[in-house]
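Structure first, commentary second.
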Amino acid sequence: MRYLIPALFLLLLLPVAVAGTYKWVDKDGNTHYSDTPVEGAEPVKLPEPTTFDPPKPQPRKARSPLNEEPAESEAPEGYATFEFISPKHDQIFWATGGEVPVQLSLEPGLRQGHGINLYFNGKLLEDSPMSGLGTTLTEAFRGAHTVRAVIVNAAGEEIASAGPVTFHVKQRSIINPR
Numbered sequence: 170m171r172y173l174i175p176a177l178f179l180l181l182l183l184p185v186a187v188a189g190t191y192k193w194v195d196k197d198g199n200t201h202y203s204d205t206p207v208e209g210a211e212p213v214k215l216p217e218p219t220t221f222d223p224p225k226p227q228p229r230k231a232r233s234p235l236n237e238e239p240a241e242s243e244a245p246e247g248y249a250t251f252e253f254i255s256p257k258h259d260q261i262f263w264a265t266g267g268e269v270p271v272q273l274s275l276e277p278g279l280r281q282g283h284g285i286n287l288y289f290n291g292k293l294l295e296d297s298p299m300s301g302l303g304t305t306l307t308e309a310f311r312g313a314h315t316v317r318a319v320i321v322n323a324a325g326e327e328i329a330s331a332g333p334v335t336f337h338v339k340q341r342s343i344i345n346p347r
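Adding 169 to a residue's 1-based position in the sequence shown gives its number in the working numbering.
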């Protein structure tokens with residue numbers, strides 16, 4: 170009984186699926202289309218439906234220790250780790266008033282002559298390079314945002330990078346503030 174009703178429904182649709190399409194012009198010059206033939210109607214040849222065959226995915230190359238890229242947390246030039254503590258990737262902040270704290274982890278500490286440039290939504294922040302490992306982003310209003318940090322030397326050359334990290338700022342609803 171469970172499958173009987175859907176099967177009957179599909180049987181009722183079968184004549185619709187094989188019905189032809191006819192075209193005719195009435196005495197006022199209006200063109201009509203129908204699935205039932207009328208006197209003077211001509212069958213219409215419909216084009217085949219558009220289909221898409223996706224390409225087969227390429228097999229992934231096996232990684233060997235020789236061609237392996239360094240992990241994101243591995244930083245060159247003697248920095249063992251350089252990563253974001255806050256915000257975490259896809260972290261959600263609720264009703265922050267536009268302020269989001271940023272905290273970085275760096276081992277060993279920042280060397281003399283090095284600074285940290287912080288990029289918020291792809292733009293270099295005005296107070297970069299930072300000398301510390303934390304700051305507060307302002308104007309981080311509702312929506313998705315990205316932050317990225319780069320260690321630079323005195324010449325402004327990039328030494329290491331952390332991120333990008335995407336985070337989200339959400340606003341409570343006026344209708345349902347919870």
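Virtual Cβ for every residue (Gly too), placed ideally from N, Cα, C. Quick caveat: nothing in here was measured; it's all calculated off a predicted structure.
Less than 6 Å between C-beta atoms, sequence neighbours within five positions excluded: which residues of the same chain meet that for A249? For this step, residue 249 is matched to residue 80 along the sequence shown. For A249, where only same-chain residues beyond five positions count, the Cβ hits under 6 Å are E276.
Alpha carbon to alpha carbon, what distance is there between V321 and R311? For the purposes of this step, residue 311 is taken as residue 142 along the sequence shown, with counting starting at 1. For the purposes of this step, residue 321 is taken as residue 152 along the sequence shown, with counting starting at 1. Answer to the nearest angstrom: the Cα atoms are 30 Å apart.
Taking the beta strand (DSSP E) that N286 falls in, what are its first and last residues? As a first step, residue 286 must be located in the sequence shown, where it is residue number 117. Its beta strand (DSSP E) spans residues 284-289.
Once DSSP output is grouped into helix, strand and coil, what is the label at L275? The residue labelled residue 275 in the question sits at position 106 within the sequence shown. When secondary structure is reduced to three states using DSSP, L275 falls in the strand class.
Going by the CB atoms, is the gap between P218 and F336 shorter than 8 Å? Here residue 336 refers to the residue found at position 167 when the sequence shown is read from its first residue. Here residue 218 refers to the residue found at position 49 when the sequence shown is read from its first residue. Note that the C-beta distance between F336 and P218 is not below 8 Å.
In the DSSP assignment, the beta strand (DSSP E) including H314 goes from what residue to what residue? Mapped onto the sequence shown, residue 314 falls at position 145. Counting along the chain, the beta strand (DSSP E) containing H314 begins and ends at 312-321.
Looking at the structure shown, is P298 part of a helix, part of a strand, or coil, going by DSSP? One-based indexing of the sequence shown puts residue 298 at position 129. P298: coil per DSSP, three-state reduction.
Between which two residues does the beta strand (DSSP E) carrying T250 extend? Here residue 250 corresponds to residue number 81 of the sequence shown, with the count starting at 1. Where T250 is concerned, the enclosing beta strand (DSSP E) stretches over 250-255.
DSSP three-state assignment for A329, whether helix, strand or coil: Sequence index remark: in the sequence shown, residue 329 carries index 160 (1-based). DSSP places A329 in strand when its eight states are reduced to three.
At the level of alpha carbons, what is the spacing between M299 and I343? If you number the sequence shown from 1, residue 299 lands on position 130. If you number the sequence shown from 1, residue 343 lands on position 174. Those two C-alpha atoms are separated by around 37 Å.
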